[in-house]
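For reference, the structure is listed below as C-alpha cells.
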C-alpha cells in the first residue's frame, strides 16, 4: 500500500506568517510522530499521537507550535508567527503501534523556509 | 545536551571496504537501538535494530555491534557499495514512544 505522505513538499513563507503542514500516515497505523530535522542535525522529536491523543507535547519547541490528529488518521502541524529559526525539514512517521521494535515509517518531509 | 553522540560526521570509503559508524549514549534506560538510512529528499528508513540484551545483530552486509557496559553501539557495512552512499542515523528509544537520534553520518562510497 501507499507509504506516509506529507504536504506540501516545500513551503516558503515570510516571517510572522502561520503555516500548516499535513501528514497522511499509513492506513491502520495508530501511532504517529512528528520530528524536525535541521541542517546538519539529527532528528528532533516534537510530538507523538496514539490514535487522536497526544499524551506528551513537551517536545514542541514553543507555544507557537501545535498539532492535532483527527479520525485517527491525518495529522496537521501548525506553526504560528513563524520565525527564521523554524526553517527545517519537518518529518512525519507512523507505526502500527508504539510497541518496542515496531518499525516507524517516515514520510519524505516538508522543507520549510522562513524568509 | 546530546543524549546520543554519533561519529564521524562524514565518512569516505572505497568500494568494497568496511564502513564503521559509532554511537555512544548515557541513558541506561534506553531499550531499543535502531539505525536509519536516509537518501537525499527522502525520509529515513529503518535499516537494522538491536535490543540491549544482544551483543551483535547481522542482516546481510549490515551488522550492529552493541557494548552495553561501554554504552556504545556501532554500525558496520561490509563490502560497501556506491549505492550505500547516504546519511546514517543511530537512535535510541526511551520509554514507550520517544526516539533520540544522533546527528547523522554522511557516507560516501567511491566507485
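Residue numbers (my numbering), protein chains in the order written: chain E, 4 to 118; chain S, 7 to 117.
Glycine is no exception: its CB is placed at the ideal position from the N, C-alpha and C atoms.
Original post:
From what residue to what residue does the beta strand (DSSP E) around residue 112 (chain S) run?
Top reply: Here residue 112 (chain S) refers to the residue found at position 106 of the second chain. Here the beta strand (DSSP E) through residue 112 (chain S) covers 111-116.
Original post:
Based on the DSSP output, what are the partners of residue 100 (chain S) in its beta bridges?
Top reply: Indexing the second chain from 1 puts residue 100 (chain S) at position 94. S:104, per the DSSP bridge assignment.
Original post:
Contact between the stretch 7-20 of chain S and the stretch 17-26 of chain E: three or more CB pairs below 8 Å?
Top reply: no
Original post:
What distance in whole Å lies between the Cβ atoms of residue 115 (chain E) and residue 18 (chain E), which are believed to be in contact at a cut-off of 8 Å?
Top reply: In the first chain, residue 18 (chain E) corresponds to position 15, counting from 1. In the first chain, residue 115 (chain E) corresponds to position 112, counting from 1. About 12 Å; that fails the 8 Å criterion.
**OP:** Give the secondary structure of residue 87 (chain E) by DSSP, where H, G and I count as helix, E and B as strand, and everything else as coil.
**Re:** The residue you call residue 87 (chain E) lines up with position 84 of the first chain. If DSSP states are grouped into helix, strand and coil, residue 87 (chain E) belongs with the helices.
**OP:** Reducing DSSP to helix, strand and coil, say where residue 27 (chain E) ends up.
**Re:** Numbered from 1 along the first chain, position 24 holds the residue referred to as residue 27 (chain E). The answer is strand: DSSP assigns residue 27 (chain E) an E or B state.
Subject >> Rounded Cβ spacing between residue 97 (chain S) and residue 108 (chain S) (contact assumed at less than 8 Å) >> reply: For the purposes of this step, residue 97 (chain S) is identified with residue 91 of the second chain, where counting begins at 1. For the purposes of this step, residue 108 (chain S) is identified with residue 102 of the second chain, where counting begins at 1. At roughly 7 Å, the Cβ-Cβ gap stays under 8 Å, so residue 97 (chain S) and residue 108 (chain S) are in contact.
Original post:
Would you say residue 22 (chain S) and residue 80 (chain S) are within 8 Å of each other, going by their C-beta atoms?
Top reply: Stepping through the second chain from its first residue, residue 22 (chain S) is reached at position 16. Stepping through the second chain from its first residue, residue 80 (chain S) is reached at position 74. Contact: no.
**OP:** With a 10 Å radius around its C-beta and 16 neighbouring C-beta atoms as the bar for buried, classify residue 99 (chain S) as buried or exposed.
**Re:** The residue labelled residue 99 (chain S) in the question sits at position 93 within the second chain. Classification of residue 99 (chain S): buried, given that the 10 Å Cβ count is 16 or more.
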